[in-house]
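The following block contains the structure:
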């Protein structure tokens, strides 16, 4: 189907025998990540072309429990994008421990694995490529809004490179 500015291809199985169960795999092709974020996570301010594979499974006694206990894994890649809320280059320039709470970061490619379970959201294997700036890291958010994580960002020039945890 065509949705969110791109193409979704896959399968979804729903069984309502003894209890409700569902499972599915969807290939995402060139979705507009701003539209995806607006639909699923309005707090996230990200733009770019999203591709990847989404796996979803859930089990519950009723529809509410089915969605409450859902687990999802998304292996994604966003190309030619920008995320707002933090300027990673500025965070590296200021040094370890400095706070940067505004700005934006443009990137050529952002890869990650997003896992959503009833208790937490984790983003692992983050790999950011923004030309002279690269980054790797991970983060975890629990159901109470507590976020913990780090990204090691490297700024490189033809003369030197600086790496800092952000």
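In this note's numbering, the protein residues as written are 13 to 178. Every residue gets a Cβ at the ideal spot worked out from N, C-alpha and C, and that includes glycine. Remember, predicted model here, so these are calculated numbers, not experimental data.
Between the options, which lies nearest to residue i when the distance is taken from Cα to Cα?
i, options, result
"residue 16", "177, 129, 50", "50"
"residue 22", "64, 39, 168, 43", "39"
"residue 109", "162, 48, 169", "162"
"residue 151", "73, 144, 160", "160"
"residue 136", "129, 61, 125", "125"
What are the partner residues of residue i, as DSSP defines its beta bridges?
i, result
"residue 24", "36"
"residue 44", "61"
"residue 87", "65, 125"
I'd like to check one pair, residue j with residue i: are the Cβ atoms closer than 7 Å?
i, j, result
"residue 64", "residue 89", "yes"
"residue 115", "residue 141", "no"
"residue 94", "residue 59", "yes"
With a CB to CB cut of under 6 Å and the five nearest residues on each side skipped, what residues in its chain are close to residue i?
i, result
"residue 139", "123, 148"
"residue 154", "132"
"residue 27", "33"
Kindly examine the ligand SAM and report whether one of its heavy atoms sits closer than 6 Å to the Cβ of residue i.
i, result
"residue 61", "Here there are no bound small molecules, and the ligand SAM is not part of this structure."
Report all residues from its chain with a CB closer than 8 Å to the CB of residue i; omit the five preceding and five following residues, and keep chain order.
i, result
"residue 173", "166, 167"
Q. Taking three-plus beta-carbon pairs below 8 Å as touching, is the region 66 to 81 in contact with the region 34 to 48?
A. yes
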